[in-house]
Amino acid sequence: MDQRAPNLLDEALGLVDEEKTKPWPLSSRVVLVEDRVETSGAFVLHHLLKRALSPHSSNDVVVFLAFSQPFSHYDRVLRKLGCNLTAQRENNRFFFLDLLMSEFPDGDEGNKDGLVALYGKIEKVVSTSFQENKKCITIVIDDFSLMEVAANGATNYVLDFLRYCHTLTLAFGCSLVVLNHEDIYSSIERPALILQMEYLADILIKAEPLATGLATDVHGQLTVLNKEIRDEQGSSRNKICNFHFRVKENGVEYFYPGSKT
Amino acid sequence: MAESICRALRDGALQGEHAPALTIKDSIASPFGFHVFTHLLTQLSSNILAAKSQSRGLVLVALSRSPSFYLDLLNRKGFDVASSQKWIEILDCYTDPLGWKDALLASGNGGSLSNEASTGASLCRNVKDMDKLYSSIIELGKGIVGQGKVRFCVAIDSVNEILRHASISSVAGLLSNLRSNDRVSSIFWLSHSDLHEDRVTAVLEYMSSMVASIEPLNQSANGHRCNWESLPLLKCNYWKGKFHVRFKRRNGRVRVMSEEFHVEQSAINFRSISSEDEIVNRSLLPKMQFNLQLSEKEQIDRAKVVLPFEHQGTGKPIQIYDGRRSLTDGNSEAEPVSTGILQTNENSSKGEIIYLRDSDDERPDSDEDPDDDLDI
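The listed protein sequences correspond, in order, to chains A and B. Quick note: the first sequence uses UniProt numbering, first residue 1, plus one each step. Quick note: the second sequence uses UniProt numbering, first residue 1, plus one each step.
Shown next as structure tokens:
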């Protein structure tokens with residue numbers, strides 16, 4: 001399988017430039033990936049990780065905040081996609097922050113201080129990389145609901161943390177990719193956290209099951225809402241794309257509804 | 001109506017009255033409140049620079065976007081933000097609103113100072129302090145227009161961000177103080193109505209003389225969550241919506257006006273509501289091989305079909321076909337309606353319904369009880 005061939009997800013995000021002659025289209029943008037129990041959106045993160053660490057350029061750095069899985073998990077998954085995370089980590093291109101067992105100190109101040117310290121760590125890595133001329137920095141958070149758990153449910157502080165990470169996208173041109181689960185907020189009358197994230201996001205990627213139910217060949221549908229795409233002329237346009245996907249062992253297949261042969 | 005709002009903000013406050021205040025209200029189903037905000041910002045800036053407005057300056061409280069974003073935006077629209085005559089001041093509540101970066105620097109764990117400082121915007125490190133926020137805004141405004149009686153406008157890009165850190169009563173106090181300050185010409189702010197309780201939105205609306213609501217074209221039954229089910233409709237209509245404005249007059253009269261908006265290439269355009277859109281929506285049938293439309297001839301023929309239970313009003317007595325009389329009955333009548341072949345008027349050509357009922361062969365036998373053959 002030609003892993004460099006652009007697929008529908010790449011097209012929807014504008015990641016079709018293989019030679020990287022144009023700037024990384026996700027620079028200074030916030031990407032929110034929403035998934036559900038039936039359709040995990042982790043494959044989107046893996047795909048973006050692979051694209052961010054492409055071998056064509058050595059200017060790319062990824063700062064990965066892992067609340068959900070250990071490094072070995074991502075290493076195994078990305079190896080099947082043709083990306084060696086261990087090597088990238090050794091080359092200082094992949095910074096893995098293992099926050100699996102982290103729990104911020106008790107109490108209101110403890111939660112805040114924990115998040116402030118975490119932000120400080122990220123900012124240090126980002127600014128150091130930026131000074132080393134690494135201009136395409138991607139911050140990935142997997143996943144945001146677990147960050148809320150680690151912060152003992154301090155939603156406001158967690159939102160503050162997100163806002164502070166947002167300032168990094170502007171100051172250093174990095175992209176921010178966050179995964180969150182849509183269905184855990186569905187019973188709440190006003191799900192402020194997920195709504196705040198949707199307002200903040202420049203690109204919203206939703207992984208949902210099919211409206212018609214389960215199917216063996218199609219695992220779900222992906223809807224990509226791109227609020228603003230700037231092209232070379234400086235003009236911008238907006239786009240909504242929808243297509244189906246099937247998660248395979250060594251990758252994901254994307255296709256338009258009805259075109260699966 | 002966007003034009004009316006711009007005029008109201010431009011004309012400003014009357015002597016002895018509070019400054020006009022506008023709430024721009026949107027929701028996630030149609031999240032274009034920020035486009036409206038920037039549209040009004042540029043319109044007001046244009047009026048200020050052309051000396052057409054009561055105010056001579058603008059203080060922008062930036063919470064959800066950085067000052068450099070606004071400076072870039074104004075530069076792209078052709079405004080000279082670096083001119084010697086200062087007309088805009090930005091209070092930067094975006095870069096470090098809670099003093100985290102300051103705390104990190106102090107403890108030696110922080111990175112370098114962000115390059116936001118170079119834009120010249122005033123930095124606010126504590127958005128929780130309403131008094132400090134108020135005095136910073138007034139100070140910045142006086143810095144533009146001087147100490148005399150000249151007024152300035154205030155724009156707040158996200159009341160929601162302030163509400164995350166302060167209670168609604170203190171935020172209401174801030175807005176009220178700004179409105180009643182005699183140096184403030186007009187004030188407007190953006191609020192996402194689905195991020196807070198209804199009472200918070202109500203408080204903001206009570207404090208405003210104008211409320212501009214942004215709503216999607218097709219309201220989903222799901223309320224605040226984005227309706228992704230009707231995707232073809234969403235693709236077409238997501239970037240459009242309705243723009244309702246409620247004006248509160250001094251005499252208490254409330255006037256409501258509506259328009260439609262369309263967001264194209266990060267610019268928002270307004271136009272009055274027309275009936276053309278009904279036709280557009282009807283033609284949103286999915287494209288497929290079957291023809292679901294009717295030709296004109298087919299539409300005429302359909303209109304000519306006589307429905308069985310409908311009063312035709314042709315003047316002749318109408319026998320309503322009840323489905324029980326067979327073909328042989330009623331031959332003597334002028335209108336052989338009971339056969340099921342309905343007589344249409346002589347001028348009609350092809351509109352006919354031929355209905356042959358299965359049970360016509362059976363003789364209706366009212367004496368017999370149909371349940372008699374049951375063996376209980």
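Yeah, the Cβ is synthetic: ideal placement off N, Cα and C, and Gly gets one too. Keep in mind it's a predicted model, so treat the numbers as computed, not measured.
**Asked** Smallest Cα separation from ILE353 of chain B: which of B:LYS304, B:VAL61, B:PRO370?
**Response** Measuring from the Cα of ILE353 of chain B, the nearest candidate turns out to be B:LYS304.
**Message:** Is there a Cβ of chain B sitting closer than 8 Å to that of ALA215 of chain A, yes or no?
**Reply:** No, ALA215 of chain A lies away from the interface with chain B (no Cβ there is under 8 Å from its Cβ).
**Request:** Closer than 7 Å, Cβ to Cβ, to anything on chain B: give me those residues from the segment 181 to 194 of chain A, in chain order.
**Result:** So the close ones are ARG190, ALA192.
**Request:** Just tell me which of A:LEU225, A:ARG76, A:PRO70 has its CA closest to the CA of LEU99 of chain A.
**Result:** Comparing Cα positions, the closest option is A:PRO70.
**Cβ-Cβ distance between GLU215 of chain B and GLY241 of chain B below 8 Å** = Against a cut-off of 8 Å, the Cβ pair of GLY241 of chain B and GLU215 of chain B comes out as a contact.
**Distance between beta carbons of PHE243 of chain A and HIS219 of chain A, contact taken as under 8 Å** = In this structure HIS219 of chain A is not in contact with PHE243 of chain A, their Cβ atoms being roughly 12 Å apart against a cut-off of 8 Å.
**Asked** With which residues is TRP189 of chain B paired in a DSSP beta bridge?
**Response** Note: TRP189 of chain B is bridge-paired with B:THR23, B:ILE156 in the DSSP secondary-structure output.
**Alpha-carbon to alpha-carbon, TYR256 of chain A and ASP217 of chain A** = Computed Cα separation, rounded: 13 Å.
**Message:** Please list the terminal residues of the continuous beta strand (DSSP E) segment that includes THR86 of chain A.
**Reply:** DSSP places THR86 of chain A outside any beta strand (DSSP E); the residue lies instead in the alpha helix (DSSP H), whose first and last residues are 85 to 90.
**Asked** Comparing alpha-carbon positions, which option in A:ILE188, A:TYR199, A:GLY173 lies nearest ASN59 of chain A?
**Response** Checked all of A:ILE188, A:TYR199, A:GLY173; the closest Cα to ASN59 of chain A is A:GLY173.
**Asked** Under 8 Å between C-beta atoms, does LEU170 of chain A make it to chain B?
**Response** Chain B, which has a Cβ nearer than 8 Å to the Cβ of LEU170 of chain A, makes this yes.
**Item:** Span of the alpha helix (DSSP H), counted from its first residue to its last, around ILE184 of chain A
**Value:** That residue, ILE184 of chain A, is in no alpha helix (DSSP H); it is neither H nor E in DSSP.
**Asked** If we count the other Cβ atoms within 10 Å of its Cβ and call it buried at 16 or more, is PHE290 of chain B buried or exposed?
**Response** By the Cβ neighbour-count rule, PHE290 of chain B is exposed, with fewer than 16 other Cβ atoms within 10 Å of its own.
**Message:** Using C-beta distances below 6 Å, list every residue in its chain close to GLY173 of chain B, excluding the 5 sequence neighbours before and after it, in chain order.
**Reply:** Result list for GLY173 of chain B: empty, nothing under 6 Å.
**Asked** Where does ALA303 of chain B sit, in a helix, a strand or coil, going by DSSP?
**Response** Secondary structure at ALA303 of chain B: helix, using DSSP grouped into helix, strand and coil.
**Prompt:** In chain B, which residues lie with their C-beta within 7 Å of the C-beta of GLU228 of chain A?
**Reply:** The contacting residues are SER266.
**Item:** Residue closest to PHE32 of chain B, alpha-carbon to alpha-carbon, out of B:ILE168, B:ARG164, B:SER191, B:LYS149
**Value:** Nearest option by C-alpha distance: B:SER191.
**Asked** What are the partner residues of LYS239 of chain A, as DSSP defines its beta bridges?
**Response** DSSP lists A:ASN226 as the beta-bridge partner residues of LYS239 of chain A.
**Prompt:** Is there contact here, the segment 159 to 174 of chain A with the segment 81 to 88 of chain A, by at least three beta-carbon pairs under 8 Å?
**Reply:** When Cβ pairs closer than 8 Å are counted between the two stretches, the segment 159 to 174 of chain A is seen not to touch the segment 81 to 88 of chain A, the count staying below three.
**Message:** Whole angstroms are fine: how far does the CA of THR223 of chain A sit from the CA of ARG225 of chain B?
**Reply:** Its pLDDT being 47, under 50, ARG225 of chain B is placed unreliably by the model, and the measurement read from it follows with that caveat. About 15 Å.
**Prompt:** Hey, does ILE48 of chain B have any beta-carbon neighbour from chain A nearer than 8 Å?
**Reply:** Proximity of ILE48 of chain B to chain A, defined by a Cβ-Cβ separation below 8 Å, is not satisfied.
**Message:** Strictly under 8 Å for the Cβ-Cβ distance: is THR167 of chain A near chain B by that measure?
**Reply:** Yes - at least one Cβ of chain B is within 8 Å of the one on THR167 of chain A.
**Asked** Is DSSP giving GLN43 of chain B helix, strand or coil here?
**Response** Assignment of GLN43 of chain B by DSSP, reduced to helix, strand and coil, places it in the helix class.
**Asked** Between the C-alpha atoms of ALA66 of chain A and PHE270 of chain B, what's the straight-line distance to the nearest angstrom?
**Response** Computed Cα separation, rounded: 45 Å.
**Item:** Residue of A:LEU195, A:ALA211, A:ALA151, A:PHE144 minimising C-alpha distance to VAL178 of chain A
**Value:** Answer by Cα proximity: A:PHE144.
**Buried versus exposed, by CB contacts within 10 Å (16 or more), VAL256 of chain B** = Counting Cβ neighbours within 10 Å, VAL256 of chain B comes out exposed, since fewer than 16 surround it.
**Same chain only: Cβ atoms within 6 Å of ASN226 of chain A, ignoring 5 sequence neighbours per side** = Taken in chain order, the residues that qualify are ILE203, LYS239.
**Prompt:** Do you know how far the Cα of PRO20 of chain B is from the Cα of LEU14 of chain B?
**Reply:** Cα to Cα, the separation comes out at about 9 Å.
**Item:** GLN131 of chain A - DSSP class collapsed to helix/strand/coil
**Value:** Helix.
**Message:** Quick check for students: name the residue ranges of the alpha helix (DSSP H) that lie wholly in the segment 62 to 98 of chain B, counting only runs of 4 or more.
**Reply:** Scanning the segment 62 to 98 of chain B from its first residue to its last, the whole alpha helix (DSSP H) runs of 4-plus residues come out as 67 to 76.
**Request:** Pull out every residue of the segment 235 to 246 of chain B whose Cβ sits closer than 8 Å to any Cβ of chain A, in chain order.
**Result:** For the segment 235 to 246 of chain B, which is checked against every Cβ of chain A, the residues closer than 8 Å are LYS235, TYR238, TRP239.
**Message:** So the candidates are A:HIS181, A:MET147, A:LEU32; which of them puts its Cα closest to the Cα of PHE104 of chain A?
**Reply:** For PHE104 of chain A, the nearest C-alpha among the options comes from A:MET147.
**Request:** For THR138 of chain A, name the three-state secondary structure that DSSP assigns.
**Result:** Secondary structure at THR138 of chain A: strand, using DSSP grouped into helix, strand and coil.
**Distance, ALA51 of chain B Cα to GLN85 of chain B Cα** = Distance between the alpha carbons of GLN85 of chain B and ALA51 of chain B is about 13 Å.
**Prompt:** Of the residues A:SER186, A:VAL37, A:VAL16, A:GLU11, which one's Cα is nearest the Cα of ALA207 of chain A?
**Reply:** Selected option, being the one with the closest Cα: A:VAL37.
**Message:** Less than 8 Å between CB atoms is the rule here; does LEU13 of chain A satisfy it with respect to chain B?
**Reply:** It does not; no Cβ of chain B falls within 8 Å.
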